[in-house]
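Student: In my numbering, the protein residues as written are 6 to 479.
Pasting a structure here, questions to come.
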Ligand code: 5AD
Ligand code: SF4
């Protein structure tokens with residue numbers, strides 16, 4: 006495969022972005038070169054998402070465009086990977102027969118093999134229904150990576166999800182929850198730190214239940230540990246204590262499983278960032294119950310209050326769905342009230358989208374009219390924007406620690422960075438700054454999605470020299 010170039014396009018969540026890094030790492034290890042320009046590539050990988058409907062449209066739109074791309078040069082190959090491939094299987098090929106490889110979420114480690122098979126024997130579909138246990142490639146983090154940035158990294162701590170949120174396709178495309186051993190996670194973070202990484206984000210669909218399966222397995226194996234205590238707080242604490250780590254983040258917790266010890270660990274460890282992504286989904290108890298979320302709006306608010314009193318200067322973001330089947334105007338009003346009371350710093354707002362195979366998709370008799378859902382979206386957005394602006398304006402005049410992400414895309418004389426609270430800051434600086442530099446920025450202005458400011462002091466220079474493909478211990 007020498008001299009061949011590849012391009013990976015990612016749709017969807019961080020878990021997918023992380024899988025993309027692994028796919029790219031595998032292709033590089035196999036001798037191919039990465040390119041940002043699709044037109045230059047020999048292999049294009051579309052790493053898909055199926056969580057909401059527009060993801061399908063985006064995929065099939067891209068595949069239409071890639072047909073002439075493929076025909077223009079001999080030997081070009083198209084790979085469709087990720088959640089939509091896992092869900093749609095042969096439908097992908099029926100809709101786009103020019104696709105060479107369709108592979109599922111548990112097949113990432115087989116990317117290069119499948120490309121070869123497709124070249125020698127024609128189009129191939131390979132979708133494992135679940136992760137192959139005892140396989141070194143079970144966790145995407147255990148494969149070589151081609152990371153987009155050198156100072157921060159995602160680390161998978163858990164794959165799959167054991168919950169049954171009525172709207173969510175994830176459990177059926179990502180399988181059951183499997184946790185990675187804490188020692189392995191800590192070792193990986195240590196390796197990353199040695200390569201110059203200063204910030205890690207621990208990834209899982211429901212991080213609060215991290216380790217439950219490990220404890221269960223230990224008990225079956227005869228361990229005297231009888232209580233199935235959640236282990237996330239102790240993992241978080243171990244990662245936070247690793248020498249050289251400056252920022253630790255994680256996503257996503259589940260309000261029904263959030264425990265006080267996690268909040269206390271966040272409050273106690275200076276390396277853990279003051280940011281909590283805390284998905285509300287709805288503020289109506291009736292809808293929350295239809296969603297199978299396992300908490301009430303009051304319980305959500307109580308835990309949130311506890312989080313804010315345990316962690317100084319905490320920023321909170323959330324996910325909210327409007328137009329869930331059966332959501333009445335009254336339910337929606339309750340969502341607006343809870344959202345207003347919660348005072349989020351930022352929010353991802355979604356209109357319910359029926360995903361085949363989920364319980365909510367079968368509630369067709371109760372579907373909310375698209376025009377009503379659209380109008381609720383706009384009304385909710387006003388509430389969310391209002392609190393975001395308020396929270397952001399409250400930062401004006403403060404000195405915030407910022408990590409440089411690069412030059413500002415709109416104004417190359419400015420830089421862009423991120424605060425500990427995960428807010429984007431556009432700022433001016435007298436000197437050149439390398440990506441990964443830490444500095445103190447005085448906040449001078451604020452908007453809905455970002456802060457603005459002036460760099461006052463550089464506090465830490467990046468140590469990474471080269472981009473690192475993390476080689477797995479295979
Ligand atoms: N429709 C709309 N939003 C959804 N989400 C997940 N599934 C759906 C769906 N079917 C949202 C949830 C989740 C986020 C990642 O995506 O808010 O937290
Ligand atoms: Fe989906 Fe619920 Fe699992 Fe999150 S916790 S991945 S929303 S089923």
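Glycine is no exception: its CB is placed at the ideal position from the N, C-alpha and C atoms.
Nearest CA to the CA of residue 92: which residue from 32, 110 and 123?
Tutor: Checking every option, the nearest Cα to that of residue 92 belongs to 110.
Student: Could you tell me whether the Cβ atoms of residue 430 and residue 423 are closer together than 8 Å?
Tutor: Yes. Within cutoff.
Student: Please report how far the alpha carbon of residue 169 lies from the alpha carbon of residue 362, in whole angstroms.
Tutor: Whole-angstrom Cα-Cα distance: 12 Å.
Student: Any contact between the region 451-465 and the region 394-409? By contact I mean 3 or more CB pairs, one from each, below 8 Å.
Tutor: Contact holds: three or more Cβ-Cβ distances are below 8 Å.
Student: Heavy atom of ligand 1 less than 7 Å from the Cβ of residue 173, yes or no?
Tutor: It does: the Cβ of residue 173 is within 7 Å (strictly closer) of some heavy atom of ligand 1.
Student: Express the C-alpha separation of residue 416 and residue 433 in angstroms, rounding to a whole number.
Tutor: Taking the straight line from one Cα to the other gives about 10 Å.
Student: Between which two residues does the alpha helix (DSSP H) containing residue 190 stretch?
Tutor: Segment 187-199, the alpha helix (DSSP H) holding residue 190.
Student: I want to know whether the region 297-305 touches the region 322-332 - three or more CB-CB distances under 8 Å.
Tutor: Cβ pair count under 8 Å is below three, so no.
Student: Are there three or more Cβ pairs, one per stretch, closer than 8 Å when the region 59-78 is compared with the region 25-39?
Tutor: With a cut-off of 8 Å, the region 25-39 and the region 59-78 do not count as touching, because too few Cβ pairs lie within range.
Student: Whole angstroms is fine: what's the gap from residue 357's alpha carbon to residue 172's?
Tutor: So the two alpha carbons sit approximately 8 Å from each other.
Student: Quick one: grab the DSSP three-state call for residue 280.
Tutor: Strand, per DSSP.
Student: Would you list the one or two residues that DSSP bridges to residue 157?
Tutor: Bridge partners of residue 157: 204.
Student: If you measure from the CB of residue 82, is any heavy atom of ligand 1 nearer than 7 Å?
Tutor: The answer is no for residue 82.
Student: Report the option in 13, 461, 462 and 265 whose CA atom is closest to the CA atom of residue 315.
Tutor: It is 265.
Student: Could you spell out the range, first to last residue, of the alpha helix (DSSP H) harbouring residue 213?
Tutor: From DSSP, residue 213 is part of no alpha helix (DSSP H); its letter is neither H nor E.
Student: Which residues share a DSSP beta bridge with residue 465?
Tutor: Paired residue(s): 443.
Student: Find the nearest neighbour of residue 418 within the set 89, 289, 435 and 96, judged by alpha-carbon distance.
Tutor: Per the Cα distances, 435.
Student: Just checking my contact of residue 88 with residue 55 at CB under 8 Å: how many whole Å lie between their CB atoms?
Tutor: Yes, they are in contact, since the Cβ atoms of residue 88 and residue 55 sit about 4 Å apart, within 8 Å.
Student: Would you report the Cα separation of residue 158 and residue 441, rounded to the nearest angstrom?
Tutor: Cα to Cα, the separation comes out at about 12 Å.
Student: When burial is assigned at 16 or more other CB atoms within 10 Å of the CB, is residue 260 buried or exposed?
Tutor: Buried.
Student: Could you say which of 384, 409 and 339 lies nearest to residue 467 if we only look at CA atoms?
Tutor: The shortest Cα separation from residue 467 among 384, 409 and 339 belongs to 409.
Student: Compute every distance between the C-beta of residue 282 and the non-hydrogen atoms of ligand 2, then say whether any falls below 7 Å.
Tutor: No, since every heavy atom of ligand 2 falls outside the 7 Å radius drawn around the Cβ of residue 282.
Student: Where DSSP assigns a beta bridge to residue 448, which residues make up the other side?
Tutor: DSSP, once it has assigned bridges, lists 458 as partnering residue 448.
Student: Going by alpha carbons, who is nearest to residue 165 out of 217, 39 and 128?
Tutor: The shortest C-alpha separation from residue 165 is found at 217.
Student: In whole angstroms, what separates the C-alpha of residue 210 from that of residue 270?
Tutor: Rounded to whole angstroms, residue 210 to residue 270 spans 20 Å at the Cα level.
Student: Could you check if residue 286 belongs to the surroundings of ligand 4, using beta carbon to heavy atom distance under 7 Å?
Tutor: This structure simply doesn't include ligand 4; it includes ligand 1 and ligand 2 instead.
Student: When the Cα atoms are used, what is the spatial distance from residue 140 to residue 342?
Tutor: Here residue 140 scores only 48 on pLDDT, less than 50, and its place in the model is too uncertain to base an answer on.
Student: For ligand 2, is there any heavy atom lying closer than 7 Å to the beta carbon of residue 176?
Tutor: Within the cutoff, so yes.
Student: Measure the alpha-carbon distance for residue 78 versus residue 44 and round it to whole angstroms.
Tutor: Cα to Cα, the separation comes out at about 10 Å.
Student: Is residue 259 near ligand 2, with its Cβ less than 7 Å from a heavy atom?
Tutor: Yes, Cβ of residue 259 sits closer than 7 Å to a heavy atom of ligand 2.
Student: Quick one: grab the DSSP three-state call for residue 38.
Tutor: Strand at residue 38.
Student: Where does residue 178 fall in DSSP's three states?
Tutor: The answer is helix: DSSP assigns residue 178 an H, G or I state.
Student: Are the beta-carbon atoms belonging to residue 244 and residue 194 less than 8 Å from one another?
Tutor: Contact: yes.
Student: What three-state label does DSSP hand residue 358 in the structure shown?
Tutor: It is coil, neither helix nor strand.
Student: From the DSSP output, read off the bridge partner residues of residue 108.
Tutor: For residue 108, which the question treats as bridged, DSSP gives the partners 131.
Student: Please determine if the region 304-322 and the region 273-288 are in contact, where contact requires at least 3 C-beta pairs separated by less than 8 Å.
Tutor: Contact holds: three or more Cβ-Cβ distances are below 8 Å.
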